[in-house]
Amino acid sequence: MGDGVSRTGNCSQILKNFSQRTAGPKLQILRVNGLAVVDAVLAGILVGIGTYGPHYQHRPIIRSLYHGATTLFLPILSYVVSDSASAYSAFGKPQIYSFRSAAGPEVQYRIICQTIWHRSLAVILAVLVLIVAINTCAIVAADEREGRPNTGLPVVLLVRAIWTSYLGLPLILLFAPRDRIFQCLVSLMFALVYAKITLRCCALQEARRSVALGRNPRLIAGYMKHLRDGIQGGIRAADHFPPPLILMGEDRLEVERRPHGFVFKRMGDQQDGMNNHGLVTIDRVWRSDSTLLTSEPWLKEVCLGFSLFKLLRCRFAGYTAAEAGLPEAYSFCLHLLLKDRDHERALAVITEELSFLHAYYYSSTAVLYSNRWLPMLNISASLLTISCCLLLAGMVMARLEDFILQPQVRCHVWCGLHSSDQDKAFHRSFGNLLCEMVPVLILLVVVVLGEASNLLSCRSGSGLCCDAGACG
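Letter 58 of the sequence shown, counting from 1, is numbered 58 in full-length UniProt numbering, and no numbers are missing.
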């Protein structure tokens with residue numbers, strides 16, 4: 001040609017040049033495959049330790065492993081999605097490459113690569129990782145004096161969701177017409193991600209305003225001051241009953257702000273907790289021992305542990321022992337629980353108290369059950385997520401044989417640009433979809449287990465609302 005450019009090149013030279021140009025993207029896809037497996041393993045660690053084995057976090061190795069998984073989880077997700085998007089930029093559109101041959105003239109050739117399922121599986125992996133991150137992110141409605149950092153939903157989680165949607169949703173639109181069900185499922189799961197984030201943000205705001213959760217330490221401090229003033233005035237419960245510590249029902253009464261905290265607007269002088277407009281106190285539970293708790297006497301220890309947990313939050317909020325009413329509770333435990341040297345009973349109360357404390361500070365159970373409509377929405381979201389995961393897993397397994405035989409990237413290389421060169425096409429492929437299928441299937445199992453644990457958290461008796469509700 002007169003311009004010194006050859007549009008019909010030597011195929012061996014072209015294939016050699018193509019291999020050189022794709023060496024970098026091949027390593028990139030290999031890194032994506034490795035990081036996808038790592039992210040799936042980290043997701044299993046988060047769900048396994050955070051959901052099914054929280055009591056093992058006191059061990060240094062387990063705690064370090066859990067914190068490491070929490071730290072690396074989302075950054076790896078961002079890298080996987082970004083690299084998958086860059087792979088699409090490199091291979092997703094027809095390209096014309098040129099190079100100078102050994103003979104001298106510049107040679108041009110054309111390639112077209114297909115990366116549909118590689119990108120699609122990366123998007124599915126990303127949305128599953130986001131669901132795991134949301135489920136394992138503890139949101140705590142703590143008082144401002146408790147000094148609990150990061151009590152809300154991390155902003156970084158919302159940013160990752162927006163960034164993943166920005167990169168992933170355009171790829172979802174490229175599904176073939178026969179894969180519309182995949183497209184609808186993945187789109188629905190993205191919608192579930194934002195629904196879960198919105199639900200947790202609304203639940204957190206509701207819990208922070210609640211005197212039974214976020215403002216509870218200030219209410220307990222004000223109540224104990226009122227109780228202590230009544231005791232000093234000569235009104236006190238019997239010595240063989242515990243002091244009327246608040247168990248539940250504080251959100252049923254109107255409160256007003258005082259310098260030392262919140263107090264009930266309509267609070268009688270009685271100290272037995274029997275006629276306080278729905279307020280349930282621990283002495284009321286003790287008095288009903290012979291009528292309501294005959295079949296399950298262990299609930300008395302659970303209820304006392306829940307009341308002491310509220311006092312312990314007051315200590316964390318900076319109130320003194322006298323303000324929190326601890327001397328009266330200590331006196332009761334010393335003279336009644338240990339009167340027959342029943343140390344196991346006292347240890348059971350302490351165990352329940354610390355269990356409530358751990359559940360409140362390191363899980364989202366209390367916040368998600370802080371309102372009547374929140375549990376229904378949370379359960380509905382979990383059921384819908386499980387249904388989507390099971391349906392997606394079934395569809396993937398049905399096409400597993402096809403996926404195993406498919407490469408992650410398949411390229412068609414033409415040795416020239418003329419129409420007469422169309423028969424000079426070569427096919428090159430690299431990667432295997434199985435490398436991405438395995439992490440996706442692992443994450444599907446992890447998400448289902450996490451959502452199942454979320455559904456069973458209240459019925460298992462480990463949730464705050466259930467234990468307290470049993471006492472009331």
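Virtual Cβ for every residue (Gly too), placed ideally from N, Cα, C.
Annotated as proximal: L245 and L311, with beta-carbon spacing under 8 Å. Going by DSSP, E451 is part of the alpha helix (DSSP H) stretching over 434-456.
Linking V37 to C303 through their CA atoms gives a straight-line distance of about 44 Å. In chain order, A141, A142, D143, A207, R208 place their CB closer than 8 Å to the CB of G214, counting only its own chain and leaving out the 5 sequence neighbours on each side. When C-beta atoms of the segment 121-134 are compared with those of the segment 189-198, three or more pairs fall below 8 Å, so the two segments count as touching. About 7 Å separates the beta carbon of L77 from that of R160, a gap short enough to meet the 8 Å contact definition. Per DSSP, reduced to three states, the secondary structure at G68 is helical. Here V409 is near F430, since their CB atoms are less than 8 Å apart. A residue is called buried when at least 16 other Cβ atoms come within 10 angstroms of its Cβ; G394 does not meet this threshold and is exposed. Of the residues F190, F264, L15, S187, the one whose Cα lies closest to the Cα of R218 is F264. DSSP places E352 in the uninterrupted alpha helix (DSSP H) bounded by 343-362. Contact check between the segment 108-125 and the segment 176-189: three or more CB pairs, one atom from each, fall below 8 Å, which counts as touching. Pairing F403 with M437, the inter-Cα distance amounts to about 8 Å. In the three-state scheme derived from DSSP, where H, G and I count as helix and E and B as strand, Q28 is classed as helix.
Of the other Cβ atoms in all chains shown, fewer than 16 fall within 10 Å of the Cβ of E256; this residue is therefore exposed. Membership of G394 in the alpha helix (DSSP H) is indicated by the continuous run 373-398.
Counting only residues of its own chain and dropping the five nearest sequence neighbours on each side, V156 has a CB closer than 7 Å to the CB of L74. Judged by DSSP secondary structure, C303 falls within the alpha helix (DSSP H) whose first and last residues are 299-316. In the three-state scheme derived from DSSP, where H, G and I count as helix and E and B as strand, R145 is classed as coil.
For S187 and F309, the gap between their C-alpha atoms comes out near 42 Å. Where C113 is concerned, the enclosing beta strand (DSSP E) starts and stops at 106-114. Taking all protein chains shown into account, Q108 has 16 or more neighbouring C-beta atoms within 10 Å of its C-beta and is therefore buried.
In this structure, the CA atom of E254 is about 35 Å from the CA atom of L158. Of the candidates V440, V396, S288, A138, the residue whose Cα lies closest to the Cα of A366 is A138. Going by C-alpha positions, R284 is about 29 Å away from E146.
By the neighbour-count criterion, in which 16 or more other beta carbons inside 10 Å mark a residue as buried, L247 falls on the buried side. The beta carbons of L443 and A69 sit about 14 Å from each other, so the pair does not count as a contact at 8 Å. Looking at the DSSP output, H427 bridges to H412. Assigned with DSSP and collapsed to three states, G261 falls in strand. Nearest in C-alpha terms to F306, of all of Q20, A212, T22, P407, is A212.
Only buried fits T22, as 16 or more other CB atoms lie within 10 angstroms of its CB. Excluding its 5 nearest sequence neighbours in each direction, P407 has C-beta neighbours in its own chain below 8 Å: S429, F430, G431, N432, L433, listed in chain order. Per DSSP, reduced to three states, the secondary structure at V280 is strand.
One thing to note: S370 has its Cβ within 8 Å of the Cβ of S210.
As the crow flies, the alpha-carbon of H412 is around 48 Å from that of N454. With respect to the 8 Å criterion, C113 and C415 are not classified as neighbours on the basis of their beta carbons.
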